[in-house]
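Numbering (the numbering used here), first residue to last: 35 to 498.
Positions of the beta carbon are idealized from the N, C-alpha and C atoms, including for glycine.
Here the structure comes first, spelled out in structure tokens, and everything after it is commentary.
Here's what the structure looks like:
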């Protein structure tokens with residue numbers, strides 16, 4: 035399936051694109067496999083032990099069990115790694131880690147498809163690499179849901195976008211099926227269902243018959259529609275509170291704390307992505323040029339819904355856990371929007387589509403996030419927020435304190451704004467592409483460095 039969203043003539047043929055994606059996959063998978071080989075022990079107790087026991091039960095009896103007692107399967111990940119346990123324990127441990135690496139790195143492919151809705155093949159390849167050369171890939175060798183959940187979520191987001199951009203019964207059914215299966219991969223991925231619902235609502239909103247009906251609305255009709263939307267939101271929140279203690283506690287009693295924990299999670303992701311992609315994403319979502327095609331509009335709808343849904347999940351979970359366990363920075367729960375963010379960044383770098391006011395808004399968003407970020411420089415490695423490792427690196431290798439790191443983040447945000455503004459304002463095509471290449475290279479260098487330093491810290495912790 036190809037997209038009509040390649041707004042500029044591509045110099046990369048389909049065959050060359052496949053070859054480049056293959057090289058990128060092998061290169062990155064080799065790096066992560068080597069990192070996995072350095073991880074000598076499970077460390078996330080009791081989750082890794084539980085998943086191991088269940089997957090071993092599946093391997094031995096064909097049914098999920100723990101120490102011989104029947105149990106739930108926990109996640110489809112347990113079936114994924116079950117064949118590894120047919121080997122002897124040492125080889126099984128290595129095989130299970132390698133399966134996670136190969137599967138999580140495969141997010142490269144749906145990330146490429148997602149980016150193709152808004153950019154040409156060359157830039158889509160860059161976006162795909164960015165999606166898997168990022169701090170979340172430090173989770174690849176862990177016996178947890180992330181190695182399967184990350185590529186599955188990216189695939190589902192691609193399918194939802196395709197169903198909205200080119201609606202057919204088959205594409206809608208495929209997207210719906212992936213969303214229904216998603217909670218069995220990881221419970222959090224249930225948020226894909228409201229993302230899909232938002233996409234279908236946007237699709238209905240744009241249909242010819244609905245558009246004709248909307249044109250007949252009076253001011254009172256619009257006011258009534260707005261009141262109905264607010265009422266529906268309140269009803270949905272109340273229903274969620276009845277079914278979820280976390281939602282009831284967080285939204286009912288700790289609204290300010292919920293907002294704070296959501297900001298912490300997004301701020302960590304923003305720092306790990308070197309700030310520029312977040313500035314660019316806001317600008318891309320606001321760009322009329324990006325939304326000029328059906329593919330671009332679908333991408334923006336799904337992107338905004340995904341960012342909102344995953345951030346809300348992390349915020350509610352963080353606020354609830356603060357009353358039960360501790361104050362966690364749950365970047366781990368927003369990593370699923372990284373492919374959307376890097377695709378949106380590619381859209382802004384590929385062509386001068388971002389307006390200065392939109393870039394300014396993106397800059398303010400990035401600054402507000404990092405100004406309210408929790409750096410936790412004394413907690414390396416920080417498993418729940420791998421992107422914080424860039425601050426740990428500066429603290430341990432450059433002797434920077436928290437104030438130094440914060441100043442560097444502000445400078446990075448200013449540099450990001452300057453680069454993106456120059457990309458949008460420079461008239462020379464070659465100069466513009468050179469600026470875009472510099473920006474993309476800087477972001478990829480930063481994210482890959484953060485992933486490597488995160489993996490190093492996690493492996494050292496495993497040795498201890």
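Keeping to the same chain, check which residues put their C-beta closer than 6 Å to that of residue i; ignore five residues upstream and five downstream.
i, result
"residue 366", "418"
"residue 320", "392"
"residue 111", "179 and 182"
"residue 196", "205"
"residue 316", "395, 396 and 399"
"residue 157", "380 and 384"
"residue 325", "331 and 334"
Whose C-alpha, out of the options, is nearest the C-alpha of residue i?
i, options, result
"residue 490", "128, 441 and 66", "66"
"residue 337", "81, 89, 151 and 431", "151"
"residue 126", "74, 99 and 324", "74"
"residue 452", "393, 135 and 68", "393"
"residue 412", "351, 434 and 397", "434"
"residue 311", "494, 475 and 142", "475"
"residue 70", "184, 59 and 176", "176"
"residue 221", "186, 68, 121 and 479", "186"
"residue 206", "261, 346, 233 and 161", "233"
"residue 107", "463, 477, 123 and 84", "84"
"residue 380", "77, 79, 47 and 146", "146"
"residue 282", "335, 212, 354 and 215", "354"
"residue 302", "210, 157, 410 and 46", "410"
"residue 378", "463, 148, 455 and 86", "148"
"residue 369", "362, 304 and 496", "304"
"residue 374", "349, 318, 217 and 46", "318"
"residue 349", "252, 300 and 194", "300"
"residue 54", "323, 162, 216 and 184", "162"
"residue 68", "462, 135 and 46", "135"
"residue 81", "56, 431, 102 and 109", "109"
"residue 495", "46, 47, 79 and 45", "79"
Got a sec: is the Cβ-Cβ distance from residue i to anything in chain C below 8 Å?
i, result
"residue 472", "No chain C is part of this structure, which consists of one protein chain only."
Cutting at 8 Å between CB atoms, please list the residues of its own chain near residue i, excluding the five before and the five after it.
i, result
"residue 286", "275"
"residue 470", "383, 384 and 457"
"residue 386", "457, 458, 459, 460 and 466"
"residue 442", "428 and 434"
"residue 49", "none"
"residue 259", "251"
Please classify residue i: does DSSP put it in a helix, a strand, or coil?
i, result
"residue 90", "helix"
"residue 100", "strand"
"residue 282", "helix"
"residue 298", "helix"
"residue 441", "helix"
"residue 265", "helix"
"residue 374", "helix"
"residue 251", "coil"
"residue 181", "helix"
"residue 204", "helix"
"residue 331", "helix"
"residue 83", "helix"
"residue 169", "helix"
"residue 106", "coil"
"residue 198", "helix"
"residue 65", "helix"
"residue 414", "coil"
"residue 367", "helix"
"residue 78", "coil"
"residue 226", "helix"
"residue 42", "In this prediction, residue 42 scores a pLDDT of 48, lower than 50, which makes its location untrustworthy; no coordinate-derived value is stated."
"residue 493", "helix"
Leaving aside the five residues before and after residue i along the sequence, list all residues of the same chain whose C-beta is less than 7 Å from its C-beta, in chain order.
i, result
"residue 343", "225, 228 and 229"
"residue 237", "198 and 201"
"residue 89", "112, 115, 116 and 119"
"residue 371", "340, 341 and 344"
"residue 347", "222, 225 and 367"
"residue 335", "198, 232, 233 and 236"
"residue 36", "Reliability fails at residue 36, whose pLDDT of 45 lies under 50, so the model's placement of it is uncertain and the value that follows must be treated cautiously. Closer than 7 Å at the Cβ level, and outside the excluded window around residue 36, lies no residue."
"residue 362", "352, 355 and 418"
"residue 455", "390 and 393"
"residue 292", "284, 285, 349, 350 and 353"
Using 8 Å for Cβ pairs, my map puts residue i next to residue j. What's the rounded Cβ distance?
i, j, result
"residue 8", "residue 400", "It is not possible to answer for residue 8, since the shown part of the chain is limited to 35 through 498."
"residue 51", "residue 203", "No, residue 51 and residue 203 are not in contact; Cβ-Cβ is about 29 Å, not under 8 Å."
"residue 420", "residue 306", "7 Å"
"residue 165", "residue 376", "5 Å"
Any contact between the stretch 443–457 and the stretch 330–338? By contact I mean 3 or more CB pairs, one from each, below 8 Å.
no
Is there contact here, the stretch 115–127 with the stretch 88–100, by at least three beta-carbon pairs under 8 Å?
yes
Check whether the stretch 459–470 and the stretch 419–431 are in contact - that is, three or more C-beta pairs closer than 8 Å.
no
Please confirm if the stretch 261–268 is in contact with the stretch 126–143, defined as three or more CB-CB distances below 8 Å between the two stretches.
no
Can you find at least 3 beta carbon pairs, one from the stretch 190–209 and one from the stretch 292–303, that sit closer than 8 Å?
no
Flag this pair as touching only if the stretch 44–64 and the stretch 134–150 have three or more C-beta atom pairs under 8 Å; answer yes or no.
yes
Could you tell me whether the stretch 479–486 touches the stretch 162–177, where touching means 3 or more Cβ pairs closer than 8 Å?
yes
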